[in-house]
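Data first, discussion second: the structure below is written as C-alpha cells.
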Amino acid sequence: SGLTCSMCSNSINKALKTVAFVETVVPNIKTSTFKITFKPGEDVDFDLLKKKVEDAGFSVSKFLATMRFNNVPIANNLPVTVGNKTFRFTNVKDQSLNGDKAIRIIDKGFVTPKEFRKANLNASGNGQRIYNATI
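Using the working numbering, the first residue of the sequence shown is number 1149, and each one after it goes up by one.
Written out as C-alpha cells, the structure is:
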C-alpha cells in the first residue's frame, strides 16, 4: 500500500530484485500490485519479501502466493507443513489441496492493520514460524 506514482513502484521493484530467490518482478501501478516469480528450486522467504517492501518505505496490504500442493490435507486452525513452511489455515473447510492454489497470508504486516485486528489469529508456537493463511 502507499503506491501513488511510478517512482514508488520503481523503488519497490528495485528492492525486490535484490532478493536472491527472485527471478522476475512485474509491477502494475494501476492495481498497486507486483507479480513475483521465483527461481526454480529456491527456498522462498515471505518475511524477507515483506521486509524489502517495508525497507523501501511502503507496507504490504495483501499478500497472495500461488503454491503447488500435492494432496495436502488441511483443517481449520490446524498447522500443516508444506515443503519447509508451516501454515495454519483459517476459515477453511476440511479438504485436501491439490495442484496450484492461491493462498493469502494474513499475518501482521501482510494485511492492513484493520484486517489483522479483525482476523483474531492464534499465536505461533514454540518459536517455529507458522504463517496464518486462508484460501
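Positions of the beta carbon are idealized from the N, C-alpha and C atoms, including for glycine.
By DSSP, does THR1253 sit in helix, in strand, or in coil? Sequence inspection shows Ile at residue 1253; the Thr mentioned does not correspond to that position. In the structure shown, ILE1253 sits in a strand (DSSP, three-state: E or B).
Given a threshold of 16 other Cβ atoms within 10 Å of its Cβ, counted over all protein chains shown, does ASN1280 qualify as buried or as exposed? Counting Cβ neighbours within 10 Å, ASN1280 comes out buried, since at least 16 surround it.
Taking the beta carbon of ARG1265 as the centre, do at least 16 other beta carbons fall within 10 Å, making it buried, or is it exposed? Exposed, because fewer than 16 other Cβ atoms sit within 10 Å of the Cβ of ARG1265.
Excluding the five sequence neighbours on either side, which residues of its own chain have a C-beta within less than 6 Å of the C-beta of SER1159, listed in chain order? Close CB contacts of SER1159 within its chain, under the 6 Å cut and outside five residues either way in sequence, are with ALA1204 (chain order).
Closest residue to LYS1249 among THR1185, MET1215, LEU1197 (Cα-Cα distance): MET1215 is the residue among THR1185, MET1215, LEU1197 whose C-alpha sits nearest the C-alpha of LYS1249.
If contact is defined by three or more beta carbon pairs under 8 Å, each pair taking one atom from either stretch, is the stretch 1222-1237 in contact with the stretch 1168-1179? In this structure the stretch 1168-1179 does not lie against the stretch 1222-1237, because fewer than three pairs of beta carbons, one per stretch, are closer than 8 Å.
Return the residue from the list PHE1182, PRO1175, GLU1263, GLY1275 that minimises the CA-CA distance to ALA1113. Nothing about residue 1113 can be read from this structure; the chain reaches only from 1149 to 1283.
How would you call VAL1174, buried or exposed, if buried means at least 16 neighbouring beta carbons within 10 angstroms? VAL1174 is exposed by the Cβ-count criterion.
Based on DSSP bridge pairs, tell me the residues matched to ILE1184. ILE1184 pairs with VAL1173.
For ARG1216, the three-state DSSP class (helix, strand or coil): ARG1216 falls in the strand class under three-state DSSP.
DSSP state of LEU1245, grouped into three classes? Strand.
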